[in-house]
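> Right, I'll just put the structure down here and ask away after.
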Amino acid sequence: MQIHTPRLLLREFKQDDWHFTNLYESNEEVMRFQTSEVRSSRESQEYIQQCLEEAKEEPRTLFDLAIVLRTTNMLIGRVGMKVDYDAEEAVLWYILNQTYWNKGYTTEAASAMIHFGFDDLQLHRIWADCDPRNIGSYRIMEKLGMRREAHFRENIFIKGHWCDSYVYALLDHEWR
């Protein structure tokens, strides 16, 4: 599977992509609001292997794609969705190498995934969540046209602390 945008290629992971994913997965600032801890090289390799295995499932419910700059062919992050076909919805996520923050790449990649979800998968709703302290993440959601549906207080225990969550969502007819 490949999705092209003006500046990006969203593609399936390859086994040796872990070298590039580990550049951001080993960065404490990038992983600050992620549910997982900073990853070792081995953990990044295992994550890529898991993505490759899950991509083979039928029906496919996990779409976790590499974000690659078209001009340089550099892998700079990932964007994905976990689909629940019964509910006709998916949860969206993204993570980007800090070097490429504030350039619109995440918004461009996430927009392409939303387009895929609504147009190709015929989903009714796409949602995402983030820690309210992660201002960059919820601003991306707002740029995508998502609306804040909830602010859950101390609903998830991450890295030794109870954390709040913002939940944002977009419906198919709102996207169009």
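Read in order, the letters of the sequence shown are residues 36 to 211 in my numbering. Note that beta-carbon positions come from the ideal geometry of N, C-alpha and C, so glycine has one too.
Which residue's Cα is closest to the Cα of residue 115: 141, 60, 77?
Within the sequence shown, the letter at position 80 stands for residue 115. Checking every option, the nearest Cα to that of residue 115 belongs to 141.
> What are the partner residues of residue 182, as DSSP defines its beta bridges?
On the sequence shown, residue 182 is found 147 positions in, with the first residue counted as 1. Paired residue(s): 204.
> Hey, how far is the Cα of residue 192 from the Cα of residue 169?
Locating residue 192 in the sequence shown gives position 157, where the first residue counts as 1. Locating residue 169 in the sequence shown gives position 134, where the first residue counts as 1. For residue 192 and residue 169, the distance between alpha carbons rounds to 16 Å.
> Under DSSP, the beta strand (DSSP E) around residue 58 begins and ends at which residues?
Taking the first residue of the sequence shown as position 1, residue 58 is located at position 23. Here residue 58 belongs to no beta strand (DSSP E); instead the alpha helix (DSSP H) covers 53 to 60.
> Using only the alpha-carbon positions, how far apart do residue 180 and residue 42 sit?
Within the sequence shown, the letter at position 145 stands for residue 180. Within the sequence shown, the letter at position 7 stands for residue 42. About 20 Å.
> Between 150, 161, 68, 104, which has its C-alpha nearest residue 44's C-alpha?
The residue you call residue 44 lines up with position 9 of the sequence shown. Here the closest residue by C-alpha is 104.
> Which full runs of the alpha helix (DSSP H) of 4+ residues lie inside the region 117 to 180, going along the chain?
For the region 117 to 180, whole alpha helix (DSSP H) runs of length 4 or above, ordered along the chain, are 140 to 150, 170 to 178.
> I need the straight-line Cα distance from residue 59 to residue 71, nearest angstrom please.
Start at 1 with the first residue of the sequence shown, and residue 59 comes out as number 24. Start at 1 with the first residue of the sequence shown, and residue 71 comes out as number 36. The straight-line gap from Cα to Cα measures roughly 13 Å.
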